[in-house]
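Below is one structure, written out as structure tokens; comments come after it.
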Amino acid sequence: MKCVECRIGETAQGPTSLTYTRPDSKLQVVVTGIPADVCSHCGEAYLSEEIAQEVFEIVDGILELGKTLKQGTLPIPQIEIHFGSETRMAA
Ligand SMILES: [Zn+2]
Numbered sequence: 001m002k003c004v005e006c007r008i009g010e011t012a013q014g015p016t017s018l019t020y021t022r023p024d025s026k027l028q029v030v031v032t033g034i035p036a037d038v039c040s041h042c043g044e045a046y047l048s049e050e051i052a053q054e055v056f057e058i059v060d061g062i063l064e065l066g067k068t069l070k071q072g073t074l075p076i077p078q079i080e081i082h083f084g085s086e087t088r089m090a091a
């Protein structure tokens, strides 16, 4: 389909990466290998509602857990979730 962000590129199936943060959570979640339709021009990724919901359910629990952590001296840790067994693509 035509990308609605840039109105130039066409989307094609490919993996995308998203980073989830929440102001009150002491964890960040980086999710890679999410199946999406990605714009060939601007890189905007379109997730199906079903996939977006599934990813959110996983990420939500981790971000909730991050609420219970105390801020220490270390920077906020990132937790990475990778879908798919294929070689990781550059983000
Ligand atoms: Zn685009």
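Going by the working numbering, 41 is the number at position 41 of the sequence shown; the sequence numbering is gapless. Positions of the beta carbon are idealized from the N, C-alpha and C atoms, including for glycine. These figures come from a predicted structure and were not determined experimentally.
Open item on the list: Could you check whether the Cβ of I8 sits closer than 7 Å to any heavy atom belonging to ligand 1?
Closed with: yes
Open item on the list: What would DSSP say about Y63, mapped onto helix, strand or coil?
Closed with: One detail in the question is off: residue 63 reads as Leu in this sequence, not Tyr. Three-state result, L63: helix.
Open item on the list: Measuring only the C-alpha atoms, how far is K70 from G43?
Closed with: 36 Å
TODO: Could you spell out the range, first to last residue, of the beta strand (DSSP E) harbouring H41?
DONE: Run containing H41: none; DSSP gives neither H nor E here.
Open item on the list: Assuming P15 is part of the beta strand (DSSP E), what are its boundary residues?
Closed with: 11-20
Task: Straight-line Cα distance separating T32 from E80 - done: 7 Å
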